[in-house]
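Counting along the sequence shown from 1, when you hit position 14 you're at 14 in the numbering used here, and nothing is skipped either side. Note that beta-carbon positions come from the ideal geometry of N, C-alpha and C, so glycine has one too. A quick note: this is a predicted structure, and the numbers were derived from the prediction, not measured.
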Amino acid sequence: MPIKTYIQAIQEATVEELTRDPTVFVMGEDLRKSVYGATAGLVEQFGEDRIIDTPLSENGFFGAALGASLCGMRPIVETVTSFLWVGMDQLISQASKMRYMFGGQAELPVTFRIRMFYARGAAAHHS
């Protein structure tokens with residue numbers, strides 16, 4: 001078995017799913033720049049319709065991902081822990097309960113990938 005970094009394994013799995021299933025797309029901040037390394041080259045390989053740079057609004061794009069998943073898409077959301085809390089209402093109040101709120105009729109095939117550490121000395125601000 002080849003030795004891989006976590007980033008290499010994540011990117012390989014992401015490419016595999018994007019290739020296998022046309023309903024899969026990736027959304028998050030700075031994906032085109034691949035600030036965290038896992039999305040390097042994905043825009044060129046899969047296009048801007050499937051690799052989506054979002055505004056600096058975690059609550060907004062978390063909600064957009066949930067809406068897309070309710071419509072049959074399979075979003076992969078990338079963010080960092082410092083800003084995860086901004087979108088927690090979508091996860092706790094919405095995503096975790098929707099299946100039951102809609103009598104078992106709703107499915108939410110969404111993946112949230114949260115990076116734990118991203119820069120030394122970085123504060124909890126979008127800068």
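(1) I need the boundaries of the beta strand (DSSP E) containing Gly37, first residue and last residue.
(2) If I measure Cβ to Cβ from Ala38 and keep anything under 8 Å in the same chain, skipping five residues before and after, which residues do I get?
(3) With 16 other CB atoms within 10 Å as the buried threshold, where does Phe102 fall?
(4) Is the CB-CB distance between Ser69 and Pro109 below 7 Å?
(5) Alpha helix (DSSP H) containing Gly28: first to last residue?
(6) With H, G and I counted as helix, E and B as strand and the rest as coil, what does DSSP make of Asp89?
(7) Does DSSP put Val110 in a helix, a strand or coil?
(8) State yes or no: is the C-beta of Leu18 within less than 7 Å of the C-beta of Val24?
(9) Rank Met27, Thr5, Arg20, Thr81 by C-alpha distance to the C-alpha of Thr111 and give the top, closest one.
(10) Classify Ile76 as buried or exposed, calling it buried when 16 or more other Cβ atoms lie within 10 Å of its own Cβ.
(11) What are the boundary residues of the alpha helix (DSSP H) that Thr14 is part of?
In short:
(1) For Gly37, there is no enclosing beta strand (DSSP E), since its DSSP letter is neither H nor E.
(2) Taking C-beta separations shorter than 8 Å and ignoring five residues to either side along the sequence, the partners of Ala38 in its chain run Ile7, Ile10, Gln11, Thr14, Glu78, Arg113, following chain order.
(3) Classification of Phe102: exposed, given that the 10 Å Cβ count is below 16.
(4) yes
(5) Careful: Gly28 lies outside any alpha helix (DSSP H), inside the beta strand (DSSP E) at 24-28.
(6) helix
(7) Reduced to three states, the DSSP call for Val110 is coil.
(8) yes
(9) Of Met27, Thr5, Arg20, Thr81, the residue nearest in Cα terms is Met27.
(10) buried
(11) 6-20
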